[in-house]
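Written below as structure tokens is the structure these notes are about.
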Amino acid sequence: MLEDEVIGFLEKRVTPFGTGAKIDCPKEYLGKRVYVLVCKDDRWESEKTPETD
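Counting from 10, one number per residue, gives the positions in the sequence shown under our numbering.
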């Protein structure tokens, strides 16, 4: 992973999707390989979770 050429960085909230979850990202990344990092500290804890797109 450290040797891969990173072309973007996103900070998103995981939202409900059926019985699972999803992360929205720009269409330009379709077909690209991505890594998803999950943070233990939830800064959005006090905010209301938005509805599913």
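Glycine included, each C-beta is placed from N, C-alpha and C at the ideal position.
In this chain, the beta strand (DSSP E) harbouring Gly29 covers Gly29 to Lys31.
By the criterion of a C-beta distance shorter than 6 Å, Ile32 is surrounded in its chain by Lys21 and Val23, once the five residues flanking it on both sides are discounted. Taken atom to atom, the span from the alpha-carbon of Gly17 to that of Glu37 is near 10 Å. At least 8 Å separates the beta-carbon of Cys34 from that of Leu46.
Counting along the chain, the unbroken beta strand (DSSP E) around Pro25 starts and ends at Thr24 to Phe26.
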